[in-house]
Amino acid sequence: MAGVALPRVLSGIQPTAGSFHLGNYLGALRQWVALQETAQAFYCIVDQHAITLDWDPAELRHDTLASAAQLLALGVDPARSTLFVQSHVPEHVQLSWVLECIARFGEASRMTQFKDKSQREGAAGSSVGLFTYPVLMAADILVYRADQVPVGDDQRQHLELTRDLATRFNGRFGDTFPLPEALIPEGAARIMDLQSPDRKMSKSLPPAGCVFLLDDPKVTAKKIRSAVTDTGREVVADPVHKPGVTNLLTIHGALSGTPVAELEERFAGRGYGDLKKELAAVVADFVTPIRQRTQELLDDPAELQRILADGAARARQVAGRTVADVSDKVGFLPPAGARA
Ligand code: ATP
Ligand code: LTN
50 MAGVALPRVL SGIQPTAGSF HLGNYLGALR QWVALQETAQ AFYCIVDQHA ITLDWDPAEL
110 RHDTLASAAQ LLALGVDPAR STLFVQSHVP EHVQLSWVLE CIARFGEASR MTQFKDKSQR
170 EGAAGSSVGL FTYPVLMAAD ILVYRADQVP VGDDQRQHLE LTRDLATRFN GRFGDTFPLP
230 EALIPEGAAR IMDLQSPDRK MSKSLPPAGC VFLLDDPKVT AKKIRSAVTD TGREVVADPV
290 HKPGVTNLLT IHGALSGTPV AELEERFAGR GYGDLKKELA AVVADFVTPI RQRTQELLDD
350 PAELQRILAD GAARARQVAG RTVADVSDKV GFLPPAGARA
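Numbering (this note's numbering), first residue to last: 50 to 389.
Structure representation (structure tokens):
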């Protein structure tokens, strides 16, 4: 690879629960780990995005550390990737302000995630931060001039906004940002809730439908046993008529590395109960070492903080250069004594 620059990758995850779930892992985090081999990766725990909905400060602090521990346990390697906390790198917010001033109110209003997440309080009662959330996400990406962004399917629209903002900035101020591409996995881009298979698995829905990585495997087995399945008895993938069974097959296939067609053959003539039992075992095998490693890492919070501080220092070097360039291009007067 001598002489060939590695693509730059950035992604983020919110520390909004004590544990990540299978949707996060299969939709995004699994790609984070794989991409370390072929890219220069920046991975960010987006605590500033986590305060766009109501939050508890003590929980946020705990969940930020627990997120770092899980990412390391899943295989993010701080020697190869830059792992850090968003609020430790103030350049994200600095760039975000500039992008807010070139983003249009109309385009931000079209974001479907805002429409979904503002449903509870209504648009009028939601925070302005929830509204501008996608612009901060664009800044997370563009401040590293990232080429690729591994995310689940629900983030497609935010990536399009990011590309639109980058294009507009480049058009007005000269070539500054590459246009980042979303890397969305085939097959497992949208893992569905076990209780409501028409909705994506999410920590904001009731926990019965969400398989958390740090759940005790006995709890997970129960959630899988109670998963909503469909009428009929055949174990076949059919997203329209059998969304529940299809989701279980997708999770099994993605975790065990078995093509869904092969699973259908294996379960021919057997019922949903057999599929659920086997899936519970597959999930238990996967989470057991991760739960253990996460706990070991959480037992030494000082070491976790050291890894995050080191990551933030490395991230700031790159982000600082972008903000200096952007500040110059948009006409901010440099403070006296600042180095050119
Ligand atoms: P919430 O559902 O509460 O909004 P979240 O579970 O989506 O939160 P995020 O931090 O917003 O968590 O997402 C982290 C990553 O996980 C993103 O790349 C997102 O696309 C991906 N992701 C989240 N849920 C799923 C899912 N059900 N299937 C596939 N990918 C998902
Ligand atoms: N918006 C994303 C989380 C997120 C992100 C990012 C993902 C914040 N900043 C930058 C990729 C790149 C979400 O809700 N899942």
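Just so you know, even glycine gets a beta-carbon here, dropped at the ideal spot from N, CA and C.
The model shown is predicted, which means the values in this text are computed figures rather than measured ones.
Using the Cα positions of residue i and residue j, report the straight-line distance between them to the nearest angstrom.
i      : j      : result
Asp96  : Asp105 : 12 Å
Gln244 : Ala286 : 17 Å
Ala361 : Glu140 : 11 Å
Ser158 : Glu209 : 14 Å
Asp165 : Ser253 : 11 Å
Ala77  : Gly386 : 43 Å
Gln341 : Ala118 : 11 Å
Gly223 : Ala364 : 24 Å
Ala315 : Ser175 : According to the sequence as given, residue 315 is Arg; it is not Ala. Going by the C-alpha atoms only, they are around 49 Å apart.
Arg282 : Gly67  : 36 Å
Glu327 : Thr181 : 43 Å
Val277 : Ser167 : 27 Å
Count the other CB atoms within 10 Å of the CB of residue i; is the residue buried (16 or more) or exposed (fewer)?
i      : result
Met50  : Confidence at Met50 is low in this model, with a pLDDT of 48, below 50, so its placement is unreliable and no value can be given for it.
Asp348 : exposed
Trp81  : buried
Lys291 : buried
Val138 : buried
Leu120 : buried
Gly302 : buried
Cys259 : buried
Cys150 : exposed
Gly53  : The question names Gly, yet the displayed sequence has Val at residue 53. Per the 10 Å Cβ criterion, exposed.
Given 8 Å as the limit, tell me if residue i has its C-beta closer than that to any heavy atom belonging to ligand 1.
i      : result
Pro199 : yes
Asp189 : no
Gln119 : no
Leu75  : yes
Ser130 : no
Asp202 : yes
His70  : yes
Any heavy atom of ligand 2 closer than 8 Å to the CB of residue i?
i      : result
Gly61  : yes
Gln393 : Residue coverage of the chain in this structure runs from 50 to 389, which leaves residue 393 outside it and unanswerable.
Cys150 : no
Quick one: what's got a C-beta closer than 8 Å to residue i's C-beta in the same chain, skipping five residues either side?
i      : result
Ala333 : Pro266, Thr269, Ala270
Suppose the cutoff is 7 Å on Cβ atoms and the five residues either side in sequence are ignored; what does the same chain contact list for residue i look like?
i      : result
Ala152 : Val184, Leu214
**Prompt:** What runs of the alpha helix (DSSP H), each 4 residues or longer, lie entirely inside the region 132-217?
**Reply:** 140-151, 154-158, 161-166, 171-174, 177-191
**Request:** Give, in chain order, every unbroken run of the alpha helix (DSSP H) that is at least 4 residues long and sits entirely within the region 228-280.
**Result:** 266-274
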